[in-house]
Amino acid sequence: MQEQTASAFTINKTLATDSTKKVKPAINFPVLPANISRLFYVQRDPNTNTIVYELNEINGQLNTEEPVHVYWIKYNEKGQHEELNYIQRKFAYGLNQKPLGNDKYDIRFVSYKKYPLTLMKGADGKYHIYATIAHKQAILNRIFVKIEGGSFWLPNVVYVEVKGIDPATGQEIVDRFKP
8 MQEQTASAFT INKTLATDST KKVKPAINFP VLPANISRLF YVQRDPNTNT IVYELNEING
68 QLNTEEPVHV YWIKYNEKGQ HEELNYIQRK FAYGLNQKPL GNDKYDIRFV SYKKYPLTLM
128 KGADGKYHIY ATIAHKQAIL NRIFVKIEGG SFWLPNVVYV EVKGIDPATG QEIVDRFKP
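Residues in the sequence shown are numbered from 8 upward in steps of one, following my numbering.
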């Protein structure tokens, strides 16, 4: 899998045309640099903090109990890495990870179990997360969640945008859906 060239991943907030309303500037999300153990990452409004999903290896061997490690990059602070707290891990950004045999794993977000992901080795011999994107099986790279209002426990998700690579053609595939 080739890492895409870095470009700003910008999501424009709704711009008001009425002069009585303030125009909110676009948020420029950081594009993460290449990392051989990163599987994919999630970014969402209202800030640039990023959740990273990384291959979990111990001494070069996949941790079969927890093959994917999840953590934050806190760009709104000092860019430091932080582990998810208990509530984030169990109710929001954490994963349910289940072995399927033959070096394959069923991966599901704890907060949205309807979107199946599969951790498995690709034709290149490396582990990737595969997902259905625009009705095609693709290698998942990143997810953006557009949130407007709501609460931590019940956010108003406007849409989810998923981006990945078609393993057969190497072309980027993008899809949006409302969960």
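Note that the Cβ used here is the ideal one computed from N, Cα and C, for glycine as well.
Practice item. Look up A99 in the DSSP assignment and say whether it is helix, strand or coil. Key: helix
Review point. Taking one C-beta from the region 153-173 and one from the region 75-91 each time, how about it: are there three or more such pairs within less than 8 Å?
Key: no
Check your understanding: Ends of the beta strand (DSSP E) at D113?
Key -> 111-116
**Study point:** Touching by the beta-carbon criterion (3+ pairs, under 8 Å), the region 128-139 and the region 83-96
**Key:** no
Practice item. Could you check which residue in I154, Q104, L46 has the C-alpha nearest to that of T55? Key: I154
Review point. Are the beta-carbon atoms of Y100 and V49 separated by less than 9 Å?
Key: yes
**Study point:** Three-state secondary structure assigned by DSSP to F16
**Key:** Unreliable positioning characterises F16 in this predicted model, as indicated by a pLDDT of 36, which lies under 50. The coordinate reading is nonetheless provided below. Strand.
Point to revise | Bounding residues of the beta strand (DSSP E) (the contiguous stretch that carries A138) | key: 134-140
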